[in-house]
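This report concerns only the one structure given below.
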Amino acid sequence: MGVPRPPSPRKTPPNLTSFESLGLAEPLLRALAAEGFSTPTPIQAQAIGPLLEGRDLVGIAQTGTGKTAAFALPLLHHLDSRPANPKSAKALILAPTRELAAQIADTFRTLGRHKRPSIALVVGGARPGPQVRALARGVDILVATPGRLIDHMNSGVVNLSGTGRLVLDEADQMFDLGFLPAIRKIIGRLPTQRQTILLSATMPGQIRALADEVLSDPVEASVAPAARPVERIAQSVIHVERAAKRAALVDLLRDGVERAIVFTRTKRGADRVSEHLERAGLNAAAIHGDKSQGQRERALGAFRNGRVGILVATDIAARGIDVDGVSHVINFELPNVPEAYVHRIGRTARAGRDGIAVSLCDAEERGLLRDIERLIGKPIEATGDVPPEPARAPRKGPRGNGKFQGKPQGKPGGKFQGKPQGNKPQGKNPQGKPGGAQGSRRRPANTTNDQARAA
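In the UniProt record's numbering, the protein residues as written are 1 to 455.
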């Protein structure tokens, strides 16, 4: 933006106080009181004051720290009663997934109940007609995923030239999903003079560079979670043959599990696991990028209210899911990227509770397990017998020297597994070439497809 910046953002001192003393408008205080909130969380105490002053802000905070209200309250405070211009939005919030975007929109509706802002949710997987009609009228708050917003921008449905406030929520996740080119394009349509808020659970170099590029003299609000989720989670691994995984999963879920999220690598795998659990008499639902928005919302709603006790999900689809009371996370398949393991098991042990994470590991996943253990800095306790690791077949000579000796992977056991993962070239990312060094990172086999759907 051409504005000189200090080497690193200034940090605001923690100011744990009441919402009243932060200077929020009376309608917002009434909404907070109705929800039973009286004391701001650390991220809210650090962020709300500077945001009310119009400062740019970098927020480093995990999910579950109250970060959504930290930016929603100041944005609602600044809203005036004048209607938005047609095809415009007064404030834009970008989120990596449909689920997170929907939760952000719900937070604005809850906290803004006495101000009644107009809110549009623009995400993939939903019919575009209602989105187009809402944008045509103009809205106070636009919550969107980058891909669908780009579609509407290209078709002339929305004009961001008058949008004075921008929030990039979970910026590190948007970067991991390859959305950086789309984000840059969106920011290019915004006015230079604006308030920008960037929130991220982590601050790798690429995200810090993005913050330096798009923010002007930002304040930094940084909080650590009360306790790292992994410290409150009892982790274990069960070594099992691939063909026996489904039976082992059923046994686990029948053993006193209250509410569980089961992770698979692929969308097809999520469907098949969910169907198998239903046939076994367990109440389960699947959520992934091929499900429509309505299907995803119904599955999440049933999981939240307890009508469904087991949610089977892919990594991308699970981002943004914020459900308390998840007693177990079960990795039916280990993730290809070790960091995804930490994100997965963080779905349990919320709100100060303990949690349980169990991984089913077959022989071909031993290397993935070692990668995870290196990342978390300790071995995961194995329950039951640990079979010896299978010997690797010797490498063959040049092609043409003898007969092919059979499939290296062996035939996957049962119908569940479908095609082996990781042996098929992934091709180009549909979002374009990711920025920075992301292209060199290993990624889960389902990331590309789910990413396109999540927009």
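Glycine residues also receive a C-beta, built at the ideal position from the N, C-alpha and C atoms.
None of the values given here were measured: they were computed from a predicted structure.
By the criterion of a C-beta distance shorter than 7 angstroms, ASN85 is surrounded in its chain by GLY138, GLY162, once the five residues flanking it on both sides are discounted. The C-beta distance from LEU92 to LEU180 rounds to 16 angstroms, too long to meet the 8 angstroms contact threshold. Contact between the region 140-149 and the region 72-91 is present: three or more C-beta pairs spanning the two stretches fall below 8 angstroms. Of the candidates PHE303, GLN235, LEU28, the residue whose Cα lies closest to the Cα of VAL323 is PHE303.
Under DSSP, the beta-bridge partners assigned to HIS239 are CYS361. Residue burial annotation: GLN193 is exposed, with fewer than 16 other C-beta atoms found within 10 angstroms of its C-beta. According to DSSP, THR383 shares a beta bridge with ILE238. Proximity of the region 231-248 to the region 194-206 falls short of the contact definition, fewer than three beta-carbon pairs being nearer than 8 angstroms. By the neighbour-count definition (other C-beta atoms within 10 Å, threshold 16), ARG347 is a buried residue.
With 16 or more other Cβ atoms from the protein chains shown falling within 10 Å of its own Cβ, ALA45 counts as buried.
Note on ALA70: 16 or more other CB atoms within 10 angstroms of its CB, so buried under the neighbour-count rule. Shortest Cα-Cα distance from GLU213 to any of ALA221, SER222, THR196, VAL223 involves THR196. In the DSSP assignment, ARG344 falls within the alpha helix (DSSP H) that extends over 338-345.
Take the alpha-carbon of ILE187 and the one of LEU149: they are about 12 angstroms apart. Beyond the five residues adjoining it in sequence on each side, VAL257 comes within less than 7 angstroms, by CB distance, of SER327, HIS328 in the same chain, given in chain order.
With a cut-off of 8 angstroms on Cβ pairs, the region 119-135 is not in contact with the region 40-58, counting fewer than three such pairs. THR17 and PRO40 have their C-alpha atoms roughly 7 angstroms apart.
By the CB criterion at 8 angstroms, THR383 and SER292 fall outside the cutoff.
Rounded to whole angstroms, VAL308 and MET174 show a C-alpha spacing of 29 angstroms. Of the other Cβ atoms in all chains shown, fewer than 16 fall within 10 Å of the Cβ of LEU375; this residue is therefore exposed.
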